[in-house]
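Colleague:
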Amino acid sequence: MTDPTLPNLPRLRGFIGDVTRLVERLGDDEAAILDAGRGLLAGLVAVDDWLPDAYAQPDPLHYRQYLLHCDPHKRFSVVSFVWGPGQRTPIHDHTVWGLVGVLRGAEHSQRYDLRDGPPIPTAADLLPVGSVEAVSPRLGDVHAISNALTDRPSISIHVYGGNIGAIRRSVFDPLTGERRPFISGYANSALPNLWDRSKPVPQAA
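Residue numbers 0 to 204, in numbering that gives the first Met the number 0, belong to the letters of the sequence shown in order.
1) So which of Glu106, Pro180, Arg114 has the shortest CA-CA distance to arginine 151?
2) What residue range is occupied by the uninterrupted beta strand (DSSP E) comprising valine 102?
3) Using the DSSP secondary-structure output, state which residues sit across from glutamine 64 in a beta bridge.
4) Look at the alpha carbon of alanine 123 and the alpha carbon of serine 76, and state the distance between them as a whole number of angstroms.
5) Can you confirm whether the stretch 136-146 touches the stretch 81-96 when touching is taken to mean that 3 or more C-beta pairs between the two stretches lie within less than 8 Å?
6) Say whether the stretch 68-75 touches the stretch 160-168, bearing in mind that this needs 3 or more beta-carbon pairs closer than 8 Å, one atom from each stretch.
7) Within its chain, find whatever has a CB closer than 7 Å to the CB of serine 205; leave out the 5 residues flanking it on each side and keep chain order.
8) Distance, Cα to Cα, arginine 37 vs aspartate 172?
9) List the endpoints of the continuous beta strand (DSSP E) containing glutamate 132.
10) Rounded C-beta distance between valine 95 and leucine 126? I'm assuming under 8 Å.
11) With a 10 Å radius around its C-beta and 16 neighbouring C-beta atoms as the bar for buried, classify arginine 196 as buried or exposed.
12) Which stretch, first to last residue, makes up the alpha helix (DSSP H) that contains proline 9?
13) Between valine 24 and alanine 35, what straight-line distance do the alpha-carbon atoms span, to the nearest angstrom?
14) Would you grab the beta carbon distance between phenylalanine 14 and leucine 33 for me? Rounded to a whole angstrom, and I think it's under 8 Å.
15) Would proline 191 and threonine 149 be called neighbours here (beta carbons separated by less than 7 Å)?
16) If you check the beta carbons only, do glycine 97 and tyrosine 159 fall under 7 Å apart?
17) What are the partner residues of glycine 36, as DSSP defines its beta bridges?
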């Protein structure tokens, strides 16, 4: 008998296996990875039964980034981002390809162009549950994300073409455009145990 209160970790395990096979097959073909990866991530965030509670907890002051998996060759990482009401990221870049899929709530995505002076706002999107957005230096790499809800947290699942918590990136002053380097790190010190099959858990659909 399965326990409906347990997270459906086989769903996450299957997604990680699918992305591993994808990057092995496609190598450095970013466009193909983003195209195929978008469908995989959309499938993952379409069902909200798999994210353990420990990786869905907001902080009262700051958004949190939880590592769920990092490929041993650092070809990709999977993280959950949790925003409390009203929280947002600074304007930032990624330097690698990325996919963002909304699992709970809704998020506002504001893209920017970088020129001399302040960052210039360009496309803005409201991302509801189930939506997936792509970023990369080729497509457009600078944005800010915020929780679109004022009364509850929002959570999105991100897949990046590297160990995103260890990559040297930049944030940008919204008034001057001044670049400041940062390395984000992660909010957690332990990962979900995807490999313990001894407990009764529901099977991924």
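Backbone N, C-alpha and C define an ideal beta-carbon position, used for all residues, glycine too.
Modeller: Judging by the given coordinates:
1) For the residues Glu106, Pro180, Arg114, the minimum Cα distance to arginine 151 belongs to Glu106.
2) Checking the sequence, you will find leucine at residue 102 rather than valine. Taken as a continuous stretch (DSSP letters only), the beta strand (DSSP E) holding leucine 102 covers 97-103.
3) Glutamine 64 is bridged to Phe80.
4) Roughly 25 Å separates the two Cα atoms.
5) Taking a cut-off of 8 Å for Cβ pairs, the stretch 81-96 and the stretch 136-146 touch, as three or more such pairs fall below it.
6) Touching, yes, given that three or more Cβ pairs across the two stretches are closer than 8 Å.
7) Nothing can be reported for residue 205: it is not among the residues displayed for the chain, which extend from 0 to 204.
8) Approximately 30 Å between the Cα atoms of the pair.
9) For glutamate 132, the enclosing beta strand (DSSP E) covers residues 131-134.
10) About 20 Å separates the Cβ atoms of valine 95 and leucine 126, ruling out a contact at the 8 Å cut-off.
11) Its Cβ having fewer than 16 others within 10 Å, arginine 196 is exposed.
12) Proline 9 -> alpha helix (DSSP H) spans 8-25.
13) According to the sequence as given, residue 24 is arginine; it is not valine. C-alpha of arginine 24 to C-alpha of alanine 35: approximately 11 Å in a straight line.
14) In this structure, phenylalanine 14 and leucine 33 do not form a Cβ contact; the two beta carbons are roughly 16 Å apart against a cut-off of 8 Å.
15) With respect to the 7 Å criterion, proline 191 and threonine 149 are not classified as neighbours on the basis of their beta carbons.
16) Taking the C-beta atoms as reference points, tyrosine 159 is found nearer than 7 Å to glycine 97.
17) According to DSSP, which records beta bridges pairwise, glycine 36 is partnered with nothing at all.
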